[in-house]
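Working notes, structure below.
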Amino acid sequence: MRPVRPASRPPRTTAPVPALVESSPVSLQFELRANPNPRTEAEREAVLADPGFGLSFTDHMAVATWTAADGWHDSAVVPYGPFSLDPATAVLHYAQEIFEGLKAYQHADGSVHLFRPDQNAARMARSAERLALPVLSTEDFLASIDALVAADRAWVPSAPAGGAGAPVQNEQSLYLRPFMFASEAFLGVRPAQRVTYCVIASPAGAYFARGVHPVSIWVSTTYTRAAPGGMGAAKTGGNYAASLVAQQEAAAHGCDQVMFADAAEHAFVEELGGMNVYLVTTDGELITPELNGSILEGVTRDSILTLATEFGLTPVERRVGLQELIEGVDSGWVAELFACGTAAVVTPIGVLKDASGTHTVGGGQTGETTAALRKNLLDVQYGRAEDRHGWLRRVL
Ligand SMILES: *Cc1c(COP(=O)(O)O)cnc(C)c1O
1 MRPVRPASRP
11 PRTTAPVPAL
21 VESSPVSLQF
31 ELRANPNPRT
41 EAEREAVLAD
51 PGFGLSFTDH
61 MAVATWTAAD
71 GWHDSAVVPY
81 GPFSLDPATA
91 VLHYAQEIFE
101 GLKAYQHADG
111 SVHLFRPDQN
121 AARMARSAER
131 LALPVLSTED
141 FLASIDALVA
151 ADRAWVPSAP
161 AGGAGAPVQN
171 EQSLYLRPFM
181 FASEAFLGVR
191 PAQRVTYCVI
201 ASPAGAYFAR
211 GVHPVSIWVS
221 TTYTRAAPGG
231 MGAAKTGGNY
241 AASLVAQQEA
251 AAHGCDQVMF
261 ADAAEHAFVE
271 ELGGMNVYLV
281 TTDGELITPE
291 LNGSILEGVT
301 RDSILTLATE
311 FGLTPVERRV
321 GLQELIEGVD
331 SGWVAELFAC
341 GTAAVVTPIG
351 VLKDASGTHT
361 VGGGQTGETT
371 AALRKNLLDV
381 QYGRAEDRHG
391 WLRRVL
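The sequence shown: position 120 = 120 (the working numbering), numbered continuously.
Right, here's the structure in full:
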């Protein structure tokens with residue numbers, strides 16, 4: 001049974017930015033202005049042989065400009081290249097910026113699909129409202145992505161080897177990064193009257209190049225990433241900036257990642273710097289912290305809530321005490337713990353560390369449920385399992 005989620009979408013108090021629908025009555029076209037100097041096939045193949053993550057970019061990018069006077073305009077797919085920014089560009093000073101992250105997956109038959117991109121569009125619109133940026137319609141968001149993927153089709157890594165049931169490896173994809181920022185050159189503090197939207201694409205290799213291994217997590221009670229009324233539910237660079245020093249603290253304690261608690265009491269689990277968190281309990285519950293306005297509403301998190309019942313688990317969204325978590329790990333009630341997000345899909349957590357010491361989850365191994373959920377999500381994304389929920393959008 002899927003619990004009701006009244007707290008998931010707190011009221012949007014930010015006044016809408018004016019002239020959105022009015023000034024953009026026609027949907028945007030992203031016509032291709034082809035790159036006259038694309039990388040050679042040999043250069044591209046060299047990148048695709050070992051893409052890593054976020055290191056190399058394709059030959060094109062999608063762009064659009066918004067001004068208070070004219071709304072969205074000047075949309076196109078253009079050669080990938082640097083922006084020229086005035087030193088007074090507002091985003092460099094006041095961080096009025098939002099972004100998204102999603103992937104294009106190539107199936108065995110050569111078709112290319114996105115996973116729930118409408119959810120990314122909707123979230124980008126919510127992020128835009130919170131950051132007082134103009135909303136880009138779902139239609140325009142999808143059009144920009146479709147056009148870029150079509151232009152850079154050759155950069156979508158080929159389907160993983162093996163059919164259904166094959167070990168989940170080699171899960172390469174084309175990572176897509178839509179973002180929007182205040183591009184007006186003005187030092188006054190107010191929402192920018194000129195905004196740039198852009199989508200770049202980067203071939204991504206398997207997140208766990210050497211197989212899936214549980215990560216270690218430092219539970220920070222020194223730093224928080226987001227507070228009630230703040231920007232935690234928006235996908236914005238500022239939240240990441242807030243997480244970096246905590247990540248350094250985690251590394252100093254020998255941990256891979258950091259887990260944040262709530263800002264008010266440091267007593268409740270929120271999420272990692274860029275991934276949501278799930279507990280698998282011996283009662284057959286799949287528990288994730290409820291959305292409280294400072295947790296980012298992950299598409300992967302939401303998909304797992306939907307998949308839970310298919311795995312015989314009861315999805316639960318509720319507050320999770322840090323103490324409850326640590327004691328549950330120590331007692332074994334928390335049988336598995338994992339993080340989830342688009343980039344790494346599902347990442348098992350083997351160890352929690354905090355001021356009280358080290359707490360090993362489920363013997364430090366990847367749990368069965370964690371592995372099964374991970375495999376099921378990947379199988380749907382790569383077309384190896386039935387898409388029961390209509391999550392895939394075919395692009396090519
Ligand atoms: C993007 C992000 C996630 C994961 O969201 P997905 O839509 O599943 O990729 C989780 N937490 C934060 C802070 C994020 O920025």
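Note that beta-carbon positions come from the ideal geometry of N, C-alpha and C, so glycine has one too.
Considering Cα atoms alone, identify which of the options is closest to residue i.
i	options	result
R190	T89, A372, L392, P203	T89
S137	L396, D379, G71, R33	G71
V299	Y240, T221, A42, Q381	Q381
T67	I98, E265, V361, V135	V135
L55	R126, Y175, A344, P36	Y175
P348	G363, A355, D354, S356	G363
F179	A34, R210, A234, P214	A234
E290	A108, V277, R44	V277
V112	A251, D152, T58	D152
V361	H389, I98, I326	I326
Y240	F99, R39, G312	F99
A34	R177, T58, S84	T58
D283	G328, F260, V212	G328
Between which two residues does the beta strand (DSSP E) holding residue i run?
i	result
Q106	102-106
Y94	No beta strand (DSSP E) holds Y94; the alpha helix (DSSP H) holding it covers 90-94.
N276	276-281
T288	285-289
R318	314-318
Y175	173-182
A339	334-341
H73	71-79
T358	357-360
P134	Segment: none, P134 is in no beta strand (DSSP E) and carries neither H nor E.
With a threshold of 8 Å on Cβ separation, who are the neighbours of residue i within its own chain once the five nearest residues in sequence on each side are excluded?
i	result
Q397	Residue 397 lies beyond the range of the chain shown here (1 to 396); nothing can be said about it.
V245	Y223
S27	S137, E139, D140, A143
T14	With a pLDDT of 49 at T14, under the threshold of 50, the modelled position of that residue is not reliable, and no figure is offered here.
D330	H359
E22	Caution applies to E22, whose pLDDT of 45 falls short of 50 and renders its modelled position unreliable; the model cannot decide the point.
Hey, is residue i close to ligand 1, as in C-beta under 6 Å from one of its heavy atoms?
i	result
K103	no
N37	no
N276	yes
G341	yes
V212	no
E270	no
K353	no
V380	no
V320	no
K410	Because the chain spans 1 through 396 in this model, residue 410 falls outside it and cannot be assessed.
V299	yes
How far does the alpha helix (DSSP H) with residue i in it reach, from first residue to last?
i	result
L409	This structure cannot settle anything about residue 409, because the visible part of the chain is limited to 1 through 396.
M124	117-130
T196	Looking at the DSSP string, T196 is not in any alpha helix (DSSP H); the run it does join, the beta strand (DSSP E), is 194-204.
S331	322-331
T67	Per DSSP, T67 belongs to no alpha helix (DSSP H); it is in the beta strand (DSSP E), 60-67.
V47	41-49
A151	138-151
D302	299-307
E368	368-381
Going by beta carbon distance, what residues of the same chain come within less than 7 Å of residue i, once the five residues before and after it are set aside?
i	result
A227	A263, S294
G238	A95, M231
G52	G205
G321	A267, F268
V346	F338, C340, T370, L373, R374, L377
S173	K103, A104, Y105, P157, A204
T342	G101, L102, K103, V299, T300
H389	T306
E285	L313, T314, V316
Are there any heavy atoms of ligand 3 lying less than 6 Å away from the beta-carbon of residue i, as far as the coordinates show?
i	result
L296	Among the ligands present in this structure, namely ligand 1, ligand 3 is not found.
Whose C-beta lies closer than 6 Å to the C-beta of residue i among residues of the same chain, with five residues either side of it excluded?
i	result
R194	T67, S183, E184
D302	none
A125	V135
D387	V380
E265	none
A166	A caution first: A166 carries a pLDDT of 46, below 50, which makes its placement in the model unreliable, though a value can still be read off. Result list for A166: empty, nothing under 6 Å.
R225	N239, A242, S243, F260
Between residue i and residue j, how many whole angstroms is the CB-CB distance? I'm expecting something under 8 Å.
i	j	result
V47	M61	Incorrect: roughly 16 Å between the Cβ atoms, too far for contact.
A76	Y197	Going by Cβ atoms, the distance from A76 to Y197 rounds to 11 Å, so no, they are not a contact pair.
V351	S243	With a Cβ gap of about 19 Å, V351 and S243 do not count as contacting.
A334	L279	Per the sequence shown, residue 334 should be read as Val rather than Ala. Rounded, the Cβ-Cβ distance is 5 Å, consistent with contact.
L32	V395	At roughly 14 Å, the Cβ-Cβ gap does not stay under 8 Å, so L32 and V395 are not in contact.
S220	E249	6 Å
I200	R177	5 Å
E310	R123	With 8 Å as the limit, E310 and R123 do not qualify as a contact, their Cβ atoms being about 24 Å apart.
Looking at the C-beta of residue i, does it have a partner C-beta in chain D at a distance below 7 Å?
i	result
A234	Annotation note: the requested chain D is absent from the structure, which comprises a single protein chain.
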